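Participant:
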Amino acid sequence: MTSLPMQACPLVIFPIPCQVSRLQPAHRMSTAPQKPLAIRERLSEVRYEIRGELARRARELEAQGRKLIKLNIGNPGAFGFRAPEHLQRAIADDMGRTDPYTHQQGLPEAREAVAKAYARRQHPDAHPDRIFIGNGVSELIDLSLRALLNPGDEVLVPSPDYPLWSAATILNDGRPVYYRCAPENGFQPDPVEIETLVSSRTRAIVLINPNNPSGASYSRALLERIVAIATKHNLLLMVDEIYDQVLYDGAAFVPVAPLAGAHPCITFSGLSKVHRACGWRVGWALLSGDQARINDLRNAMDLLGALRLCANVPGQYAIDAAVNGPDTISALCAPGGRLYETRRAVIEACAASEHLSLVAPAGALYAFPAVVGAAARNFDDHAFALDLMNEEGVLVVPGSSFNVPYRHHFRVTLMPEASVMRDVFARIDRALARRAEAVTKVVPLKSRSVA
Numbered sequence: 001m002t003s004l005p006m007q008a009c010p011l012v013i014f015p016i017p018c019q020v021s022r023l024q025p026a027h028r029m030s031t032a033p034q035k036p037l038a039i040r041e042r043l044s045e046v047r048y049e050i051r052g053e054l055a056r057r058a059r060e061l062e063a064q065g066r067k068l069i070k071l072n073i074g075n076p077g078a079f080g081f082r083a084p085e086h087l088q089r090a091i092a093d094d095m096g097r098t099d100p101y102t103h104q105q106g107l108p109e110a111r112e113a114v115a116k117a118y119a120r121r122q123h124p125d126a127h128p129d130r131i132f133i134g135n136g137v138s139e140l141i142d143l144s145l146r147a148l149l150n151p152g153d154e155v156l157v158p159s160p161d162y163p164l165w166s167a168a169t170i171l172n173d174g175r176p177v178y179y180r181c182a183p184e185n186g187f188q189p190d191p192v193e194i195e196t197l198v199s200s201r202t203r204a205i206v207l208i209n210p211n212n213p214s215g216a217s218y219s220r221a222l223l224e225r226i227v228a229i230a231t232k233h234n235l236l237l238m239v240d241e242i243y244d245q246v247l248y249d250g251a252a253f254v255p256v257a258p259l260a261g262a263h264p265c266i267t268f269s270g271l272s273k274v275h276r277a278c279g280w281r282v283g284w285a286l287l288s289g290d291q292a293r294i295n296d297l298r299n300a301m302d303l304l305g306a307l308r309l310c311a312n313v314p315g316q317y318a319i320d321a322a323v324n325g326p327d328t329i330s331a332l333c334a335p336g337g338r339l340y341e342t343r344r345a346v347i348e349a350c351a352a353s354e355h356l357s358l359v360a361p362a363g364a365l366y367a368f369p370a371v372v373g374a375a376a377r378n379f380d381d382h383a384f385a386l387d388l389m390n391e392e393g394v395l396v397v398p399g400s401s402f403n404v405p406y407r408h409h410f411r412v413t414l415m416p417e418a419s420v421m422r423d424v425f426a427r428i429d430r431a432l433a434r435r436a437e438a439v440t441k442v443v444p445l446k447s448r449s450v451a
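According to my numbering, the sequence shown is numbered sequentially starting from 1.
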């Protein structure tokens, strides 16, 4: 077989267009100082001192080996409390079902459990379709305000408040307008004053019952008057009832939604406090009231819930066990119970001190003492809290962090053992005694000779 001769293949060169690189050599880059990244301007109006500057300073001291008693956060697990065993078991039993997303409103069986619990309290419209499960009450507060507010809208917020309410209002382009819950009135709001604050921009009234930080609990008569104001001015009732079963000395809890009836109301609660499961991040919100009036708000919350996909799934499997299972909080709040005895230790310590005054908390997990007498002269709660931590190893929250117009209160949790709290208040009293001595000390005039 004769092979065919090979033929030369001409080399063809395709011209590559010359491109000028847009990258500058490092030595040619601008050396002008770069501006810091700008952040949202309204963040300058937001404060959350519970986990703010003082808490950061506490971490620095702990890194240096200091031992601190930290009373700044209402976190039961940090003080040895544990979620009830039947809640833990409920999650463990269903862990194999927790991988997929759920509906944005939450697991149907979890919402049914919440509806059943509210129906026992005669809540109107206690139906699963009216319930949203969230990553804690905090997420649902923010979500509901985002669904409700337009720029410049106003929300009536108690003073003192849990500062998330103010922050979420501001960050959703609203304006918190504070109604006073004065210490001299037992931290009870004045309905007459509340009504004077209503304007054409007011959209909602917030109630925190029992209150954080004051521990005040509201009577049926008071709540009926506030519901009447909301009804008269067409204001949404937003009711934070996360401490609804944490009550002392026979204090009675009155839910707001049954009083509101057909008037629009959102009730918030969750597993964090009553069930001591803060880290599980499980909360819920019930929308009650006339369907036609709340339907747009419900749809808006459904949309916003869908955008964040769903709440954490494992914790939702504990909801039925929590709200329809055995009561595990009442014994802690009764004489001999840990919360009750710690509260008693705080009340007795304040009563024995010439530097402190306290409105005894009727509910919730906090005390909100006032500094009085000589120690209160030119008193600054933030400076005191910093000095107390540096000198006595105790971290508290300055009272002004809770959006009050005065600066002589501070908040402590009631979750350490009673013996620990007696030691804490001995340290606080010692610090205040030093301060009282310093402000009252009279420096004698130097003797002057007479010519």
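Glycine included, each C-beta is placed from N, C-alpha and C at the ideal position.
These numbers were taken from a predicted model, which means no experiment stands behind them.
With a 10 Å radius around its C-beta and 16 neighbouring C-beta atoms as the bar for buried, classify G80 as buried or exposed.
Facilitator: Translated into the one-based positions of the sequence shown, residue 80 becomes position 80. By the neighbour-count rule (16 or more Cβ atoms within 10 Å), G80 is not buried but exposed.
Participant: Assuming A349 is part of the alpha helix (DSSP H), what are its boundary residues?
Facilitator: Position 349 of the sequence shown, counted from the start, is the residue given in the question as residue 349. Start and end: R338 to A352.
Participant: Determine the DSSP secondary structure at M95, reduced to helix, strand or coil.
Facilitator: Numbered from its first residue, the sequence shown carries residue 95 at position 95. Helix at M95.
Participant: Is it buried or exposed for L4, if we count other Cβ within 10 angstroms and need 16 for buried?
Facilitator: For the purposes of this step, residue 4 is identified with residue 4 of the sequence shown, where counting begins at 1. Any reading at L4 must be qualified, since the residue scores a pLDDT of 43, below 50, and its modelled position is unreliable; no value is offered.
Participant: Starting from the C-beta of P264, find all residues in its chain whose C-beta is less than 6 Å away, skip the five residues before and the five after it, and write them out in chain order.
Facilitator: Here the question's residue 264 lines up with position 264 in the sequence shown. Here the set comprises L236, G289, R293 and I294.
Participant: Residues in the same chain with beta-carbon distance under 8 Å from P108, minus the five sequence neighbours each way, listed in chain order, please.
Facilitator: By 1-based counting over the sequence shown, the position of residue 108 is 108. Counting only Cβ-Cβ distances below 8 Å, and skipping sequence neighbours, we find P128.
Participant: Under a Cβ-count criterion, where at least 16 other Cβ atoms within 10 Å of its own Cβ denotes burial, should L71 be classed as buried or exposed?
Facilitator: Taking the first residue of the sequence shown as 1, we reach residue 71 at position 71. L71 is buried by the Cβ-count criterion.
Participant: Let's see if you can read the secondary structure: which residues bound the alpha helix (DSSP H) around F384?
Facilitator: As a working mapping, residue 384 is identified with position 384 in the sequence shown. D381 to E392 is the extent of the alpha helix (DSSP H) around F384.
Participant: Can you grab the Cα-Cα spacing for the pair G261 / P255, in whole Å?
Facilitator: Numbered from its first residue, the sequence shown carries residue 261 at position 261. Numbered from its first residue, the sequence shown carries residue 255 at position 255. Each residue's Cα considered, the two are about 11 Å apart.
Participant: Could you have a look at T413 and say whether DSSP puts it in helix, strand or coil?
Facilitator: Translated into the one-based positions of the sequence shown, residue 413 becomes position 413. Residue state, collapsed to three classes: strand.
Participant: Between the Cα of A376 and the Cα atoms of A334, A436, R422 and T342, which residue gives the shortest distance?
Facilitator: For this step, residue 376 is matched to residue 376 along the sequence shown. Nearest of A334, A436, R422 and T342 to A376, Cα basis: A436.
Participant: Report back the beta-carbon spacing between H355 and A433 to the nearest angstrom; my notes put them in contact at under 8 Å.
Facilitator: The residue you call residue 355 lines up with position 355 of the sequence shown. The residue you call residue 433 lines up with position 433 of the sequence shown. About 7 Å separates the two Cβ atoms, so the contact holds.
Participant: DSSP has I133 in a bridge; who is on the other side?
Facilitator: Reading the sequence shown from its first residue, position 133 is the one you call residue 133. Note: I133 sits in a beta bridge opposite W284.
Participant: Just the C-alpha distance for V227 and L259, rounded to the nearest angstrom, thanks.
Facilitator: Counting from 1 along the sequence shown, the entry for residue 227 is found at position 227. Counting from 1 along the sequence shown, the entry for residue 259 is found at position 259. Going from the Cα of V227 to the Cα of L259 covers about 7 Å.
Participant: Let me know the secondary structure DSSP gives F187 once reduced to three states.
Facilitator: What you label residue 187 is simply residue 187 of the sequence shown in a count that begins at 1. Three-state DSSP puts F187 in coil, outside helix and strand.
Participant: Straight-line CA distance for R411 to Y178?
Facilitator: Numbered from 1 along the sequence shown, position 411 holds the residue referred to as residue 411. Numbered from 1 along the sequence shown, position 178 holds the residue referred to as residue 178. Distance between the alpha carbons of R411 and Y178 is about 19 Å.
Participant: List the residues that DSSP assigns as beta-bridge partners of V227.
Facilitator: As a working mapping, residue 227 is identified with position 227 in the sequence shown. None, per the DSSP bridge assignment.
Participant: Here's a check: name, in chain order, each residue in its chain whose Cβ is nearer than 8 Å to the Cβ of G373, leaving out the five neighbours to either side.
Facilitator: For the purposes of this step, residue 373 is taken as residue 373 along the sequence shown, with counting starting at 1. Result list for G373: E354, H355 and A436, in chain order.
Participant: Taking all protein chains shown into account, do 16 or more other C-beta atoms lie within 10 angstroms of the C-beta of N234, making it buried, or fewer, making it exposed?
Facilitator: Within the sequence shown, the letter at position 234 stands for residue 234. Counting Cβ neighbours within 10 Å, N234 comes out exposed, since fewer than 16 surround it.
Participant: For the stretch 159-166 and the stretch 401-410, state whether three or more C-beta atom pairs, one from each stretch, are separated by less than 8 Å.
Facilitator: Touching, yes.
Participant: With distance defined between alpha-carbon atoms, name the residue in S400, R344, E341 and G363 nearest to A370.
Facilitator: By one-based count along the sequence shown, residue 370 stands at place 370. The shortest C-alpha separation from A370 is found at S400.
Participant: What residue range is occupied by the uninterrupted beta strand (DSSP E) comprising R329?
Facilitator: Locating residue 329 in the sequence shown gives position 329, counting from the first residue. The sequence as given places Ile at residue 329; Arg does not occur at that position. Unbroken run through I329: none, as it is neither H nor E.
Participant: Give me the residue from I208, R89 and H86 with the minimum Cα distance to I141.
Facilitator: Translated into the one-based positions of the sequence shown, residue 141 becomes position 141. Closest by alpha carbon: I208.
Participant: Got a sec? Which residues, its chain only, sit under 6 Å from Y243 by beta carbon, not counting five neighbours each side?
Facilitator: Counting from 1 along the sequence shown, the entry for residue 243 is found at position 243. Only P210, K273, G363 and A364 meet the Cβ criterion.
Participant: Near L149, which residues of its chain fall below 8 Å by C-beta distance, leaving aside the five closest residues on each side in sequence?
Facilitator: Taking the first residue of the sequence shown as position 1, residue 149 is located at position 149. Contacts found: V155, T169, N172, D173, G174 and R203.
Participant: Could you have a look at P176 and say whether DSSP puts it in helix, strand or coil?
Facilitator: The count along the sequence shown starts at 1 and reaches residue 176 at position 176. Looking at P176 - three-state DSSP - the assignment turns out to be strand.
Participant: Thinking just about the alpha-carbon of each residue, which of E417, P398 and R422 is nearest to the one in R47?
Facilitator: On the sequence shown, residue 47 is found 47 positions in, with the first residue counted as 1. Per the Cα distances, P398.
Participant: So what does L237 bridge to, in DSSP terms?
Facilitator: Residue 237 sits at position 237 when you count from the first residue of the sequence shown. Answer by DSSP bridge pairing, in chain order: I205 and C265.
Participant: CB-CB under 7 Å to P183, same chain, minus the five flanking residues each way: which ones, in chain order?
Facilitator: Working through the sequence shown from its first residue, we reach residue 183 at position 183. Closer than 7 Å at the Cβ level, and outside the excluded window around P183, lie V359 and A370.
Participant: For Y101, count the other beta carbons within 10 Å of its own beta carbon; 16 or more makes it buried, fewer makes it exposed. Which is it?
Facilitator: Within the sequence shown, residue 101 is the residue found at index 101, counting from 1. By the 10 Å Cβ count, Y101 comes out exposed.
Participant: To the nearest angstrom, report how far apart K116 and P124 are at their CA atoms.
Facilitator: The count along the sequence shown starts at 1 and reaches residue 116 at position 116. The count along the sequence shown starts at 1 and reaches residue 124 at position 124. Between K116 and P124, the C-alpha separation is close to 12 Å.
Participant: Measuring alpha carbon to alpha carbon, tell me which of M238, E391 and D153 ends up nearest L68.
Facilitator: By one-based count along the sequence shown, residue 68 stands at place 68. With distances taken between Cα atoms, L68 lies closest to E391.
Participant: Between L164 and F402, what straight-line distance do the alpha-carbon atoms span, to the nearest angstrom?
Facilitator: Your numbering for residue 164 matches position 164 in the sequence shown. Your numbering for residue 402 matches position 402 in the sequence shown. Straight-line Cα distance between these residues: approximately 9 Å.
Participant: Consult DSSP for Y248 and reduce its assignment to one of helix, strand or coil.
Facilitator: As a position in the sequence shown, residue 248 is number 248, starting the count at 1. Coil at Y248, not helix or strand.
Participant: When the distance is taken between beta carbons, is F268 closer than 8 Å to D302?
Facilitator: As a working note, residue 302 is residue 302 in the sequence shown. As a working note, residue 268 is residue 268 in the sequence shown. The answer is no: Cβ separation not under 8 Å.
Participant: Should A126 and L286 be called a contact, given that it needs their Cβ atoms to be closer than 8 Å?
Facilitator: If you number the sequence shown from 1, residue 126 lands on position 126. If you number the sequence shown from 1, residue 286 lands on position 286. Going by C-beta atoms, A126 is nearer than 8 Å to L286.
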